[in-house]
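K.L.:
Numbering (my numbering), first residue to last: 733 to 966.
Beta carbons: idealized from backbone N, C-alpha and C, even for Gly.
Sharing a structure here in structure tokens format.
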């Protein structure tokens, strides 16, 4: 068998991580994210499955939106209701896991780390950029709390519009309306202490590597160590 016919060449097809792994995984993670977002070949390219821990010890998982990646800090950002079950779990235990999977590119990013709340200024700025309906929704919903019917939920819409002093005619006519951010809604920075990159390979000989570092959070202060990395068997 010649070198050109070697089965090694067959298994070397497909996506590849760099032969020499970078010191930090975040530049490559960011490049993957930007490509998926700009090419629109994967629906909801910023969807991220976030897992927290319930008080009974069981994991809870749901989809949130990864709104930004801070390559230098090694963190990602998402927003949510602080009073909902997710927010309660994060307050009790800030240690989380997250996964982003881009099916079209056959790439996946796994993150483990610790969250810290965004500053009020950061949350204000993002909240102001949201669609009007989404800003209203943040006031309307007592996230994760029971409600007797869909009709009762819709009645809350009218109540909140009245409480915020919004003119219904302005709302219906699409007028730009200023709505303050509710204090129970805002962002989180997820600082990764472990990040794994995965790229599909032929015959399930995938390319996979893991980076780890120390992360220490004290109040609103974050300190991190250097990354170390290793390639993993698939």
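Check whether the Cβ atoms of residue 839 and residue 930 sit closer than 8 angstroms, and answer yes or no.
P.N.:
Yes; because the gap between Cβ atoms is below 8 angstroms, this pair is in contact.
K.L.:
Out of 772, 937, 846, 815, point me to the one whose CA is closest to residue 926's CA.
P.N.:
It is 846 whose Cα lies nearest to the Cα of residue 926.
K.L.:
DSSP puts residue 809 in a beta bridge; with which residues?
P.N.:
800, 921, per the DSSP bridge assignment.
K.L.:
Could you tell me which residues DSSP pairs with residue 941 in its beta bridges?
P.N.:
Per DSSP, 929, 963.
K.L.:
Within 10 angstroms of its Cβ, does residue 794 collect 16 or more other Cβ (buried), or is it exposed?
P.N.:
The residue in question, residue 794, is exposed, as its Cβ has fewer than 16 Cβ neighbours within 10 Å.
K.L.:
How would you label residue 939, buried or exposed, when you count the other beta carbons within 10 angstroms and need 16 or more for buried?
P.N.:
So residue 939 ends up on the buried side.
K.L.:
With residue 923 and residue 954 assumed to form a contact (beta carbons below 8 angstroms), what rounded beta-carbon distance in angstroms separates them?
P.N.:
About 6 angstroms separates the two Cβ atoms, so the contact holds.
K.L.:
Given this structure, state the Cα-to-Cα distance separating residue 919 from residue 855, to the nearest angstrom.
P.N.:
Those two C-alpha atoms are separated by around 6 angstroms.
K.L.:
Which residues does DSSP list as the beta-bridge partners of residue 780?
P.N.:
According to DSSP, residue 780 bridges with 796.
K.L.:
Is there contact between the region 821-833 and the region 889-907, where contact requires at least three CB pairs shorter than 8 angstroms?
P.N.:
Judged by Cβ distances under 8 angstroms, the region 821-833 makes no contact with the region 889-907, as fewer than three pairs qualify.
K.L.:
Less than 6 angstroms between C-beta atoms, sequence neighbours within five positions excluded: which residues of the same chain meet that for residue 949?
P.N.:
Excluding residues within five positions, the ones whose Cβ falls inside 6 angstroms are 846, 848.
K.L.:
Would a C-beta distance cut-off of 8 angstroms place residue 876 and residue 817 closer than the cut-off?
P.N.:
Contact flag set, yes.
K.L.:
By Cβ distance below 6 angstroms, which residues in the same chain neighbour residue 943 in space, the five residues on each side in sequence not counted?
P.N.:
Answer for residue 943: 757, 927, 959, 961, listed in chain order.
K.L.:
One question on the structure: do residue 778 and residue 798 come within less than 8 angstroms of each other, judged by their Cβ atoms?
P.N.:
Cβ atoms of residue 778 and residue 798: closer than 8 angstroms.
K.L.:
Taking the alpha carbon of residue 867 as the point to measure from, which residue in 903, 842, 879, 883 has its own alpha carbon closest?
P.N.:
The residue with the shortest Cα to Cα distance from residue 867 is 903.
K.L.:
For residue 755 and residue 749, what's the separation of their Cα atoms in angstroms?
P.N.:
Each residue's alpha carbon lies about 13 angstroms from the other.
K.L.:
Which of helix, strand or coil does DSSP assign to residue 785?
P.N.:
DSSP places residue 785 in strand when its eight states are reduced to three.
K.L.:
Determine the DSSP secondary structure at residue 907, reduced to helix, strand or coil.
P.N.:
Three-state result, residue 907: coil.
K.L.:
Could you check the C-alpha separation between residue 784 and residue 843 for me, to the nearest Å?
P.N.:
When rounded, the distance between both Cα atoms is 12 angstroms.
K.L.:
Start and end of the alpha helix (DSSP H) containing residue 872?
P.N.:
864-872 is the span of the alpha helix (DSSP H), which, as asked, contains residue 872.
K.L.:
According to DSSP, what are the bridge partners of residue 888?
P.N.:
BP columns for residue 888 are empty, so no partner.
K.L.:
Please name the residue in 952, 957, 941, 966 whose C-alpha comes closest to that of residue 761.
P.N.:
The option with the nearest alpha carbon to residue 761 is 941.
K.L.:
Please look up how many angstroms separate the CB atoms of residue 747 and residue 932, rounded, as I've assumed it's under 8 angstroms.
P.N.:
Confirmed, about 6 angstroms.
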